[in-house]
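In our numbering, the protein residues as written are 19 to 380.
Dropping the structure here:
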């Protein structure tokens, strides 16, 4: 099912128009409705709470470390949680956001929920993330879906896994959707579902939103971490990149103009954003796909999801919530439910589309 948005003549909503709230729409099957904690109804507050709130996962077993050689000079590291009979269980490959890592709270949150349902989890670090700068000579960018493709294909060919879901947050959501679109009508049979939370499917619009004065804190934090990563990288690959440019960089766009775009052969940052965005291929998605987004996300606009490329694709389900912030979606906790709603939707969606069997718990 796809949530149908109201007809429009301009992709950008006017101040009087509103996106359809998932809470007011008929939901597909067993997907839930998001109700935020009363104190978290502001997009900024929800975003910051989701980022800063400490979380603990005592029931999640210690992971095993797995390396994937995704290119001749690039290796990525994953933290894996395997069931005893992993080959008979569905697996979720998790993708983090910009400056995130396999240890991001949402990565571990989904892992804990999925593992409790009898699933395997692969928490994948993108190149240079999670203190892995030494494993790759080059950089990473928001559309490098080839790395994820390599990991998925190795899990199928080497590990013999037959039911895989890919789930990503923010930048990771863009990667998941882009890969699904690139597969088109020939995805591997083992790929059963794709999920994206707060995906940056039009990267240029997200970078533009970061440049608003009210989003200074997010911009500052992203740039700070990007600079720190470049300095760490120089310790392992001295002289490969000109660090004298770092001092004058104040925005993500400036970083991409100075480093990302030229390194990967894009004309400039805008060319990079256009070519790396999942929006270019989302109409080709043939895998059951869930997108969760929020109207009050501070820097990921909802309006691109009104595009017919999305709404006319019967394989894509969009849950557009009034509240949720960026990668937040924290509701009230109750019993074993910790209130992290989007994480539960990911697990529910993958369970539904993976082959059913005795592995399903709860």
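We treat Cβ as the ideally placed atom computed from N, Cα and C, and that holds for glycine.
State yes or no: is the C-beta of residue i within less than 7 Å of the C-beta of residue j?
i: residue 145; j: residue 154; result: yes
i: residue 394; j: residue 185; result: Nothing can be reported for residue 394: it is not among the residues displayed for the chain, which extend from 19 to 380.
i: residue 221; j: residue 163; result: no
i: residue 55; j: residue 350; result: yes
Rounded to whole angstroms, what is the Cα-Cα separation between residue i and residue j?
i: residue 97; j: residue 304; result: 28 Å
i: residue 62; j: residue 123; result: 18 Å
i: residue 286; j: residue 151; result: 24 Å
i: residue 325; j: residue 244; result: 31 Å
i: residue 254; j: residue 108; result: 37 Å
i: residue 281; j: residue 157; result: 8 Å
i: residue 365; j: residue 240; result: 28 Å
i: residue 80; j: residue 99; result: 7 Å
i: residue 132; j: residue 126; result: 10 Å
i: residue 252; j: residue 278; result: 15 Å
i: residue 218; j: residue 331; result: 18 Å
i: residue 25; j: residue 328; result: Model confidence at residue 25 stands at a pLDDT of 32, short of 50, so the residue's coordinates are unreliable; what they give is reported in the following sentence. Cα to Cα, residue 25 sits roughly 13 Å from residue 328.
i: residue 380; j: residue 361; result: In this predicted model, residue 380 has a pLDDT of only 46, less than 50, meaning its place in the structure is not dependable; the value taken from the coordinates is given anyway. Taking the straight line joining both Cα atoms gives about 16 Å.
i: residue 270; j: residue 259; result: 17 Å
i: residue 367; j: residue 137; result: 13 Å
Among the options, which residue has its Cα nearest to the Cα of residue i?
i: residue 66; options: 354, 355 and 346; result: 346
i: residue 311; options: 322, 301 and 302; result: 322
i: residue 82; options: 120, 74 and 52; result: 120
i: residue 70; options: 87, 348 and 222; result: 348
i: residue 267; options: 248, 258, 256 and 299; result: 248
i: residue 339; options: 358, 318 and 313; result: 313
Report the three-state DSSP secondary structure of residue i (helix, strand or coil).
i: residue 371; result: helix
i: residue 39; result: The pLDDT assigned to residue 39 is 40, lower than 50, so where the model puts this residue is not dependable; a value taken from the coordinates is nonetheless given after this. Here residue 39 sits in coil by DSSP.
i: residue 47; result: Because the pLDDT at residue 47 is just 47, under 50, the model does not fix this residue reliably, and the value given afterwards should be weighed accordingly. Looking at residue 47 - three-state DSSP - the assignment turns out to be coil, as it is neither helix nor strand.
i: residue 128; result: helix
i: residue 363; result: helix
i: residue 333; result: coil
i: residue 99; result: strand
i: residue 16; result: Missing from the structure shown is residue 16; the chain here goes from 19 to 380 and no further.
i: residue 106; result: helix
i: residue 88; result: strand
i: residue 349; result: strand
i: residue 78; result: coil
i: residue 56; result: helix
i: residue 28; result: Caution applies to residue 28, whose pLDDT of 33 falls short of 50 and renders its modelled position unreliable; the model cannot decide the point.
i: residue 355; result: strand
Looking at the unbroken alpha helix (DSSP H) that takes in residue i, where does it start and where does it end?
i: residue 164; result: 163-175
i: residue 65; result: 61-70
i: residue 247; result: 234-254
Give the range of the beta strand (DSSP E) segment to which residue i is assigned.
i: residue 222; result: Element bounds for residue 222: not the beta strand (DSSP E) but the alpha helix (DSSP H), 221-228.
i: residue 186; result: 182-187
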